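Participant:
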Amino acid sequence: MKTFSKVVLAGTLALGSLAAMNVEALKAHADGASEYCRYICGPKETLNNFTIQLSDTKYRLGQNIILRATNDNPYDVHYTASFEKHYDTGWDYYDADFHYGSLLPAGTNVYEDFDAATGNGGAISEPGTYRMKIEVTHADGHIDTMYTAPITLAN
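Per the numbering used here, residue 1 is the first one in the sequence shown, and the count goes up by one each step.
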């Protein structure tokens with residue numbers, strides 16, 4: 001009987017450690033989910049089943065500004081992206097040498113990521129506050145205009 005109780009105790013301890021490993025595995029998975037947020041976790045805007053989301057709102061010269069565009073429409077959409085800068089008089093077009101256009105196919109959660117370089121030789125080469133202007137052309141021809149949250153670009 002003494003041997004049997006040792007086996008039961010050892011088995012219980014083994015199962016307990018497996019359960020603990022399971023809890024740790026779940027925790028590790030939850031931590032892994034936050035890895036995604038390190039990539040695209042900035043603010044997002046949605047209009048007529050088209051969503052834009054920045055990777056962040058604060059960048060330094062030399063970093064790429066990353067934007068995710070998602071089409072949840074039952075039809076293809078075409079969109080273009082350009083930059084505006086905040087001046088003392090308000091927002092205005094910024095000649096960033098950056099004009100992006102793409103066709104996103106129909107579907108649920110169909111997305112693509114694109115980026116704009118900053119710094120010397122990049123689309124934006126001076127510190128300031130910017131935003132992206134996104135124009136979405138739908139299948140019926142109507143155009144939606146969307147703006148990202150303000151983007152701060154520091155030295």
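Glycine is no exception: its CB is placed at the ideal position from the N, C-alpha and C atoms.
In this text, all values refer to a predicted model and were calculated from it rather than measured experimentally.
1. I want to know whether the segment 143-152 touches the segment 93-104 - three or more CB-CB distances under 8 Å.
2. Whose C-beta lies closer than 8 Å to the C-beta of Asp97 among residues of the same chain, with five residues either side of it excluded?
3. Going by DSSP, what residues sit across from Glu112 in a beta bridge?
4. Is Lys58 near Gly128, with beta carbons less than 8 Å apart?
5. Once you ignore the five residues that flank Pro105 on each side, which residues in its own chain have a CB closer than 6 Å to its CB?
6. When DSSP labels each residue in this structure, what does Asp95 get in the three-state scheme?
7. Report all residues from its chain with a CB closer than 7 Å to the CB of Leu47; omit the five preceding and five following residues, and keep chain order.
8. Could you tell me the alpha carbon to alpha carbon distance between Thr137 and Thr89, rounded to whole angstroms?
9. In the DSSP assignment, the beta strand (DSSP E) including Ala154 goes from what residue to what residue?
10. Just grab the DSSP bridge partners of Tyr147 for me.
Facilitator: On the basis of the coordinates in this document:
1. no
2. The sequence position of residue 97 within the sequence shown is 97, counting from 1. Closer than 8 Å at the Cβ level, and outside the excluded window around Asp97, lie Ala123.
3. Mapped onto the sequence shown, residue 112 falls at position 112. BP columns for Glu112 point to Ala69.
4. On the sequence shown, residue 58 is found 58 positions in, with the first residue counted as 1. On the sequence shown, residue 128 is found 128 positions in, with the first residue counted as 1. Not in contact: Lys58 and Gly128 (Cβ atoms no closer than 8 Å).
5. To locate residue 105, count along the sequence shown from 1; it is residue 105. Within the same chain, Asp76 come within 6 Å of Pro105 by CB-CB distance, once the 5 residues on both sides are set aside.
6. The count along the sequence shown starts at 1 and reaches residue 95 at position 95. Correct three-state label for Asp95: coil.
7. Locating residue 47 in the sequence shown gives position 47, where the first residue counts as 1. Asp144, Met146.
8. Residue numbering aside, residue 137 sits at position 137 when the sequence shown is read from its first letter. Residue numbering aside, residue 89 sits at position 89 when the sequence shown is read from its first letter. Going from the Cα of Thr137 to the Cα of Thr89 covers about 29 Å.
9. As a working note, residue 154 is residue 154 in the sequence shown. Unbroken beta strand (DSSP E) run through Ala154: 151-154.
10. Mapped onto the sequence shown, residue 147 falls at position 147. For Tyr147, which the question treats as bridged, DSSP gives the partners Lys133.
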